[in-house]
Amino acid sequence: MDGFLLSMIVLFLVETGGRTQLLAAALAQRFGNERDIILALCGATICNSIISAAAGSIVDGWISEDALRLFTALAYIFAGAGMLSWQRKIDLLEKWKLSPLWTAFFGILILQFGDKGQFLIAANAANWDAWGLIMVGSIAGILAATIPVVIWREKLARHLPIQAIRITVGAVMLLVGVYLALMAFRII
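Listed below in structure tokens is the structure:
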């Protein structure tokens, strides 16, 4: 259960103000169809989380504890750095000729693939025996961060200090990553 909660909280935090959240909100605004965007978000997040958690559980058997700790450290460091860095503009996928559901599904799936969340899910799954709980916790965290933004787009954007959240969470992720890296190199 600890792995479930850790993944849920970490993924909720790193997705706040993230590209998945921004794309989902922008597509909901573009299409005016929250239901299809939420369904697509759920489907894409489930697919990505299954792939990530399964890959993490496989990696666990291949590498030593120190290498695993370093892999986890790098996932947290890159997540923190990604949150602190400049974000490029989100492509609204206007050239795509698919329905809102399929545009959102494929757009979000592609966006999540290789994103910071995917590496955090894999790292967490590699560190816990119950990778299925990591997967479910990650899905819950991503959806909890993103669905409200799809529903209450402008209202939420006006009231949430997204930039402050991104800076704070990014700094915390960097600190956790550095701490794990120091442990991996047996400095502490």
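According to the numbering used here, the sequence shown is numbered sequentially starting from 28. Think of the CB as a built atom: it goes at the ideal place given N, C-alpha and C, for glycine as much as any other residue.
Rounded C-alpha distance that separates residue i from residue j
| i | j | result |
| --- | --- | --- |
| Trp89 | Ala153 | 10 Å |
| Trp155 | Asp118 | 35 Å |
| Ala51 | Ser126 | 14 Å |
| Gly144 | Leu187 | 21 Å |
| Val177 | Arg57 | 11 Å |
| Ile189 | Met162 | 25 Å |
| Asp93 | Leu33 | 20 Å |
| Val37 | Asn60 | 28 Å |
| Gly15 | Ile215 | With the chain covering 28 to 215 only, the question about residue 15 has no answer from this structure. |
| Trp123 | Leu138 | 15 Å |
| Ala108 | Tyr206 | 15 Å |
| Met24 | Asn151 | This structure gives no information on residue 24, because the portion of the chain shown stretches from 28 to 215. |
| Val196 | Thr99 | 17 Å |
| Leu66 | Ile166 | 13 Å |
| Ile77 | Leu111 | 27 Å |
| Leu147 | Ile174 | 20 Å |
| Glu120 | Thr47 | The question names Glu, but residue 120 is Leu in the sequence shown. Using only the alpha carbons, I get a separation of about 13 Å. |
Whether residue i touches residue j by CB criterion (8 Å)
| i | j | result |
| --- | --- | --- |
| Gly204 | Leu101 | yes |
| Gly23 | Ala157 | Because residue 23 is not part of the residues shown, which for the chain are 28 to 215, the question remains open. |
| Thr72 | Ile169 | yes |
| Ala172 | Phe39 | yes |
| Ala208 | Ile104 | yes |
| Phe140 | Asn75 | yes |
| Ala106 | Met200 | yes |
| Leu49 | Ala211 | no |
| Leu183 | Ile135 | no |
Exposed unless 16 or more other CB atoms sit within 10 angstroms - verdict on residue i
| i | result |
| --- | --- |
| Gln114 | exposed |
| Gly193 | In the sequence as displayed, the identity of residue 193 is Arg instead of Gly. By the neighbour-count rule (16 or more Cβ atoms within 10 Å), Arg193 is buried. |
| Asp29 | exposed |
| Ser91 | exposed |
| Ile64 | buried |
| Leu202 | exposed |
| Ala55 | buried |
| Ala191 | exposed |
| Ala198 | exposed |
Residue interval of the alpha helix (DSSP H) (run including residue i)
| i | result |
| --- | --- |
| Ala108 | 92-111 |
| Trp158 | 158-178 |
| Leu33 | 29-42 |
| Phe140 | That residue, Phe140, is in no alpha helix (DSSP H); it is neither H nor E in DSSP. |
| Ser84 | 61-89 |
| Leu201 | 189-211 |
| Leu50 | 46-58 |
Proximity test, residue i beta-carbon vs the ligand GDP heavy atom, cut-off 7 Å
| i | result |
| --- | --- |
| Lys122 | For the structure depicted, the ligand GDP is absent and the ligand set is empty, with no information on it obtainable. |
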